[in-house]
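In the working numbering, the protein residues as written are 2 to 499.
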Ligand SMILES: *Cc1c(COP(=O)(O)O)cnc(C)c1O
């Protein structure tokens, strides 16, 4: 049995920076003033001048460097060990893409630089767009949306406008219950009536049930494929034909594209519009709430409504096309999160078509390996083969010892891994959703499985230990509810709680 990466550890205690403060201590020395000092109280109106100095720590450079380095050791990261957070695709991202995004010519380019001086950046965006269209089989693309949910919002706004232009405004959006939660939220935010349809016992969309609710008022069906159970929707084309027959559009949530790329084309499934989470599938690190990319690809019928400007090529030069009268307008300042676009472009060029296909195959292989190794010990609510992720439940542990999915997830931290996604998808009670990703080497997938199996043993032997985990972290089990309702966000609040 392989050893979990978290069994031995070193926890570096660390006081708050404010607690390390010594009056007068500083991290850098400025040269002596060579101009007359200004009396701030006289130079500025009274309302602009602080009555009290700000509460800022006074520390030296080495204290700052150590403080943040020590704190970083309390956290999990993809550079430390596997991060099997289902649905989130926490894959390892090549350092090379980071280098590319930080090249001076990209990172330092002003967003208002004239087109003639930004040909490289515009050319990159154009080429990335073409690459995404090749992966999806669709016709037109915008790189503006800043994340997956933002891509959904943009796509459904376009659907709404397209139907209004056609003289056929609609009120209904239909969503299978295995869709991501952002799908019904997007539809509701766009003012649509959302009807959720229960899936079949095998975890796939129930086409007969969909047929019953899809009528002439349907604007769109929003379908996550593979869905949030990790199951491919084999009848998606049938659903698309049904919706198209009623004059509506098919929105595919493409966040799980890492299971499909190179293997099949969403356009061939009858999809009219889909977003791609560049930060999941195409190599921007995420998880700390940093910038993302929700590129949106559409079929010809929706192209006129794309946000403006679009990057176009004219006689070998790249330009921003604002002359798009039917556009829904801008959805983000400038052209999207440009650094994310550079990483995605670098990723596509490194991988090439064969590399993308191989990545999809490895993502599916790793997930199915986890499934095969854990299925004797953890309940599999759906027996249907899955693609890039696998959803277990805590049923056995809960029935026998009252141990929940949260307990198992917390105990995994002691074994050196990030917890899996818990309690999602909502259609699985006590869900444990594992997505190992294609970038985990075999030994790492093995160690992850070993940790889950050891926890299953522990549940039998010493359930209290699992229920009170984690035990090897700087901070133990938190009161999640209290942390969310009464967050302590400032040094003053913290001092008050002590
Ligand atoms: C992550 C995810 C989203 C939302 O994407 P964000 O970039 O987090 O806004 C939507 N659908 C699915 C299936 C996802 O996994």
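Idealized CB from N, CA, C, for every residue including glycine.
Check: residue i C-beta below 7 Å from any heavy atom of ligand 1
| i | result |
| --- | --- |
| residue 1 | Limits of the chain in this structure are 2 at one end and 499 at the other, which puts residue 1 out of reach. |
| residue 298 | no |
| residue 281 | yes |
| residue 260 | no |
| residue 178 | no |
| residue 438 | no |
| residue 1 | Any answer about residue 1 is impossible in this case: the structure gives the chain only from 2 up to 499. |
| residue 163 | no |
| residue 181 | yes |
| residue 361 | no |
| residue 338 | no |
| residue 257 | yes |
| residue 197 | no |
| residue 204 | no |
| residue 225 | yes |
CB contact flag (residue i, residue j, <8 Å)
| i | j | result |
| --- | --- | --- |
| residue 342 | residue 126 | yes |
| residue 436 | residue 360 | no |
| residue 296 | residue 279 | yes |
| residue 416 | residue 257 | no |
| residue 362 | residue 92 | no |
| residue 189 | residue 449 | no |
| residue 237 | residue 226 | yes |
| residue 298 | residue 275 | yes |
| residue 121 | residue 138 | no |
| residue 102 | residue 344 | yes |
| residue 411 | residue 497 | no |
| residue 277 | residue 255 | yes |
| residue 538 | residue 230 | The structure shown does not extend to residue 538, since the chain spans only 2 to 499, so no value can be given for it. |
| residue 96 | residue 59 | no |
| residue 141 | residue 320 | no |
| residue 147 | residue 337 | yes |
| residue 355 | residue 331 | no |
| residue 234 | residue 224 | yes |
| residue 136 | residue 387 | no |
For residue j and residue i, the rounded distance between their alpha carbons
| i | j | result |
| --- | --- | --- |
| residue 32 | residue 414 | 48 Å |
| residue 290 | residue 43 | 42 Å |
| residue 2 | residue 482 | Residue placement at residue 2 is poorly supported in this model, since its pLDDT is 49, which falls under 50; the coordinates still yield a value, given next. One C-alpha to the other measures close to 37 Å. |
| residue 272 | residue 228 | 15 Å |
| residue 391 | residue 423 | 12 Å |
| residue 432 | residue 316 | 54 Å |
| residue 213 | residue 353 | 43 Å |
| residue 260 | residue 98 | 21 Å |
| residue 244 | residue 475 | 53 Å |
| residue 461 | residue 484 | 30 Å |
| residue 323 | residue 155 | 17 Å |
| residue 487 | residue 301 | 49 Å |
| residue 404 | residue 193 | 40 Å |
| residue 492 | residue 51 | 19 Å |
| residue 16 | residue 28 | 18 Å |
| residue 478 | residue 466 | 12 Å |
| residue 447 | residue 408 | 21 Å |
| residue 163 | residue 385 | 37 Å |
Member of the options whose CA lies at the smallest distance from the CA of residue i
| i | options | result |
| --- | --- | --- |
| residue 178 | 169, 171 and 195 | 195 |
| residue 23 | 13, 62 and 41 | 62 |
| residue 239 | 118, 222 and 465 | 222 |
| residue 441 | 490, 371 and 99 | 371 |
| residue 285 | 443, 322, 324 and 89 | 89 |
| residue 494 | 19, 14 and 395 | 19 |
| residue 170 | 148, 407 and 220 | 220 |
| residue 306 | 319, 293 and 327 | 327 |
| residue 402 | 325, 457, 381 and 418 | 457 |
| residue 445 | 434, 79, 209 and 40 | 79 |
| residue 176 | 167, 333, 199 and 393 | 199 |
| residue 129 | 39, 339, 71 and 252 | 339 |
| residue 110 | 206, 385, 335 and 397 | 335 |
| residue 86 | 434, 45, 453 and 491 | 434 |
| residue 246 | 218, 14, 266 and 455 | 218 |
| residue 186 | 409, 162 and 151 | 151 |
| residue 115 | 241, 39, 21 and 318 | 318 |
| residue 418 | 394, 473, 252 and 397 | 473 |
| residue 72 | 12, 100, 119 and 34 | 12 |
| residue 427 | 182, 108 and 168 | 182 |
| residue 452 | 375, 383 and 463 | 375 |
C-beta neighbour in chain C for residue i, strict 8 Å
| i | result |
| --- | --- |
| residue 242 | Of the protein chains in the structure, only one exists, and it is not chain C. |
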